[in-house]
């Protein structure tokens, strides 16, 4: 099961790094996760005060072919202002030790700044080749379509899991439009009781069943479970091999 960012085929389980601090062990972990088969790593300007991006930069400089490092900026109110967002993009480029960010998201729609104004800054970096692909985070369909009027959008990153599904319409819209839907906190909710029996039948963990359900929910789905454990990262990747029956899928739907 694969998805694409540009010409790069992505394994459909990525790695979230919102707890990735800058330690030798975590630098090694990022390298090991890529060696294990993960080729989509998601970060943000604010994660661990910038340490997440710095760790990824140290681990992967230069980024291997076929690996997509995504990051985000403009999270807090006021940070969508052009001058603030511009400064965050420049800092992310430095921390990641790269001339080009493969995938860059506007982290939130700034209540103090028109969406178009924020995206025009990102579009200017896109036009100069400093940002290769653009995404938006925590948006509804109307905001997504406004964003697409400013710059091509390849990915939407919204909160979505078995218990939190207010973005069902965005999931389906992304699939229809050929846009990746990247659910963050895909494993945050406690699996419902029905998952335990399915896990036993498949010789899997409950969280692997949840990931298998997400993957089946939409061909556009690309979960990014966060972990600091190589064993957990490999366990997450193994969910790619689980095929739920129609009955199992509907029972959780």
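In my numbering, the protein residues as written are 192 to 444. Cβ coordinates follow ideal geometry from the N, Cα and C atoms, glycine included. Keep in mind the model is a prediction, meaning the values are calculated, not measured.
Each residue's CA atom was taken as its position, placing residue 337 and residue 392 some 45 Å apart. Counting every other CB atom within 10 Å of its CB across the protein chains shown gives residue 416 a total of 16 or more, marking it as buried.
Around the beta carbon of residue 198, a 10 Å sphere encloses fewer than 16 other beta carbons of the protein chains shown; the residue is thus reported as exposed. In this structure the segment 376-390 touches the segment 352-362; the number of beta carbon pairs closer than 8 Å is three or more.
If you draw a straight line from the Cα of residue 238 to the Cα of residue 311, it is about 24 Å long.
Note: residue 350 is bridge-paired with 375 in the DSSP secondary-structure output.
If you draw a 10 Å sphere on the C-beta of residue 228, you find fewer than 16 other C-beta atoms in it, and that means exposed. When rounded, the separation of the alpha-carbon atoms in residue 270 and residue 264 is 8 Å.
Secondary structure at residue 212: coil, using DSSP grouped into helix, strand and coil.
Taking C-beta separations shorter than 7 Å and ignoring five residues to either side along the sequence, the partners of residue 410 in its chain run 366, following chain order.
Rounded to whole angstroms, residue 318 and residue 232 show a C-alpha spacing of 23 Å. Secondary-structure assignment with DSSP links residue 260 through a beta bridge to 232.
Straight-line measurement puts the Cα of residue 204 at about 21 Å from the Cα of residue 248. The residue from 418, 412, 404 and 433 with its alpha-carbon nearest to that of residue 443 is 404. In this structure, residue 302 sits near residue 268, with a CB-CB distance shorter than 8 Å.
About 14 Å separates the beta carbons of residue 230 and residue 207, which is beyond the 8 Å limit, so they are not a contact pair. Taking every protein chain shown into account, the CB of residue 420 has fewer than 16 other CB atoms within 10 angstroms, so this residue is exposed. Taking the Cβ atoms as the reference, residue 213 lies roughly 5 Å from residue 245, within the contact range of under 8 Å. Of the residues 413, 394, 414 and 426, the one whose Cα lies closest to the Cα of residue 435 is 394. Between residue 389 and the set 342, 347, 408 and 440, the nearest pair of CA atoms involves 440. Within 10 angstroms of the beta-carbon of residue 255 lie fewer than 16 other beta-carbons, which makes it exposed. Assignment of residue 194 by DSSP, reduced to helix, strand and coil, places it in the strand class. In the DSSP annotation of this structure, the continuous segment of the alpha helix (DSSP H) that includes residue 312 starts and ends at 306-318.
Taking the CA atoms as reference points, residue 273 sits about 6 Å from residue 309. In the DSSP annotation of this structure, residue 405 is not part of any beta strand (DSSP E); the continuous alpha helix (DSSP H) holding it starts and ends at 397-408.
According to the DSSP assignment, residue 323 belongs to the beta strand (DSSP E) that extends over 322-328.
Bridge pairing for residue 295: 262 and 325 [DSSP].
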